[in-house]
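Counting along the sequence shown from 1, when you hit position 98 you're at 98 in the UniProt record's numbering, and nothing is skipped either side. First up is the structure itself, then whatever we jot down about it.
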Amino acid sequence: MFVAGMGATALGGSALLASGASSRVESQRGATIRVVGDEEAYLRLVYNQEPLTVNCDGSIELVTITNQLKETIDEIVIENLTVEPADLVVNEGTLAVPDQIDVGEIGRITITVECEPGTDTTSTVSFDIIAKGIDQAVIANGHVDKRFVEVNCECARVEGCSPGFWRQPAYRNGIWTDTDTYGPSERVADVFTLAVTGTQGQGGNAVDFDELTLREALDGGGGSGVSGAQQILLRAATAGLLNSQHPEVNYPKTESQLIADVDAALATEDRERILALAADLDEVNNEECPIRLRSEEEA
């Protein structure tokens with residue numbers, strides 16, 4: 001391992017940056033001091049030996065550092081951070097290092113990573129460490145010494161089927177029936193807590209929210225005011241509800257999460273907030289739909 005030069009002893013999942021022959025420490029005054037015969041190590045670095053697993057995104061621990069210098073480390077710098085393959089995105093702006101590590105104490109360096117939906121990859125994260133005290137700076141070159149962290153990032157692809165799919169082909173092909181937890185004949189008011197009840201609108205545009213079924217909600221058009229926004233949200237929310245309960249659809253919300261979100265938006269009686277949630281749900285509902293119809297399977 002590289003200590004502002006060479007010299008280290010690997011020990012399991014850790015490395016001791018030793019101050020033995022050929023190791024080098026740089027003084028803060030710009031001089032290079034070679035230390036021979038000192039049996040203590042400068043730093044003890046512990047890397048995870050097994051790949052770290054992240055689901056789409058999360059924080060990982062790059063390394064733990066034990067300060068075995070004879071002075072406090074008051075600056076730690078991570079340089080030359082590389083990722084191979086680059087399917088894993090390392091957010092360098094989230095790098096967290098200790099402000100200082102006292103003699104004999106341990107510090108941890110963390111960073112957040114993420115990967116795109118549909119990814120299942122293992123990447124190698126390599127980096128160099130510079131630890132500085134008042135008089136000395138120790139450099140650990142992870143690239144030279146092949147010290148690194150492996151990260152396995154798994155992120156399932158988000159899926160969703162549209163209101164149009166559930167309203168026509170799914171209903172017609174028997175994919176969606178009244179034997180399901182949320183069947184076509186179930187009343188919307190028995191699933192969601194509505195902001196507007198009773199009959200709203202006039203003539204052919206009138207909607208009786210008290211008796212509106214889930215299948216009818218999928219036909220919802222819209223209109224002005226809170227009642228119109230509610231109708232738009234119920235269309236998207238019904239499709240989302242059916243997506244969340246179907247075993248073939250990898251929908252990002254559970255049934256309970258979706259119902260809670262819809263109820264919370266409707267409770268505001270704020271048209272803009274209701275429409276904002278409808279737009280968010282509609283975007284997910286129009287992702288790739290994985291459900292194959294019987295007619296397609298027979299073709």
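Every residue, glycine too, gets a C-beta built ideally from N, C-alpha and C.
Between Val-90, Val-138, Asp-99, Thr-238, which lies nearest to Glu-116 when the distance is taken from Cα to Cα? Val-90
Check the DSSP bridge columns for Leu-233 and list the partner residues they point to. Per DSSP, none; premise fails for Leu-233.
Can you check whether the CB of Tyr-251 is closer than 8 Å to the CB of Glu-159? yes
Nearest to Gly-223 (by Cα), restricted to the options Ile-65, Arg-235, Arg-215: Arg-235
Which residue marks the beginning of the beta strand (DSSP E) containing Asn-285, and which one marks its end? Per DSSP, Asn-285 belongs to no beta strand (DSSP E); it is in the alpha helix (DSSP H), 271-285.
Rounded straight-line distance, which links the Cα of Arg-167 to that of Arg-215: 6 Å
Taking the alpha carbon of Val-83 as the point to measure from, which residue in Phe-148, Arg-271, Ala-137 has its own alpha carbon closest? Phe-148
Quick one: using the 10 Å Cβ neighbour count with 16 as the cut-off for buried, is Thr-238 buried or exposed? buried
Expressed to the nearest angstrom, what Euclidean distance is found between the alpha-carbon atoms of Phe-127 and Ile-109? 12 Å
From the DSSP output, which residues share a beta bridge with Lys-132? Glu-75, Ala-137
For Asn-152, which residues from the same chain have a beta carbon less than 6 Å from its beta carbon, with the 5 sequence-adjacent residues on both sides left out? Pro-51, Thr-53, Thr-122
How about Gly-107 and Ile-78: are their beta carbons less than 8 Å apart? no
Exposed or buried, what is Gln-49 when buried is set at 16 or more other beta-carbons lying within 10 Å of its beta-carbon? exposed
Same chain, Cβ closer than 7 Å to Ala-31, neighbours up to 5 away in sequence not counted: Here the model assigns Ala-31 a pLDDT of 29, short of 50, so the residue's position is not dependable and the matter cannot be decided.
Rounded distance between the beta-carbons of Val-196 and Phe-209, thought under 8 Å: 6 Å
Boundaries of the beta strand (DSSP E) in which Glu-88 is found, first to last residue: The sequence as given places Leu at residue 88; Glu does not occur at that position. No beta strand (DSSP E) holds Leu-88; DSSP gives it neither H nor E.
Taking just the CA atoms, how far does Thr-124 sit from Gln-257? 35 Å
Under 8 Å Cβ to Cβ from Trp-176, same chain only, skipping five residues before and after it: list those, please. Trp-166, Ala-170, Gly-183, Pro-184, Leu-242
Secondary structure of Ile-259, DSSP reduced to three states: helix
In whole angstroms, what is the alpha-carbon distance linking Ile-232 and Glu-211? 17 Å
Let me confirm a value: Gly-174 is counted as buried when at least 16 other C-beta atoms fall within 10 Å, else exposed. Which label applies? exposed
Going by other Cβ atoms of all chains shown within 10 Å of its Cβ, with 16 needed for buried, is Ala-137 buried or exposed? buried
Pop quiz: Ala-131 and Ile-60 are said to be a contact at Cβ under 8 Å. What is the actual Cβ separation, rounded to whole angstroms? With 8 Å as the limit, Ala-131 and Ile-60 do not qualify as a contact, their Cβ atoms being about 20 Å apart.
Could you pull the start and end residues of the alpha helix (DSSP H) that Asp-57 belongs to? Here Asp-57 belongs to no alpha helix (DSSP H); instead the beta strand (DSSP E) covers 57-67.
Can you tell me which of Arg-292, Asp-102, Cys-56 puts its alpha carbon nearest to the alpha carbon of Leu-88? Cys-56
Measuring only the C-alpha atoms, how far is Val-97 from Ile-76? 7 Å
Quick one: grab the DSSP three-state call for Gly-93. strand
Should Gln-230 and Leu-194 be called a contact, given that it needs their Cβ atoms to be closer than 8 Å? yes
Label Gly-118 either buried or exposed according to how many other C-beta atoms from any shown protein chain fall within 10 Å of its C-beta, with 16 as the threshold for buried. exposed
Pull up the distance between the alpha-carbon of Arg-44 and that of Ile-129, whole angstroms please. 12 Å
Classify Pro-85: buried if its beta carbon has 16 or more other beta carbons within 10 angstroms, exposed otherwise. exposed
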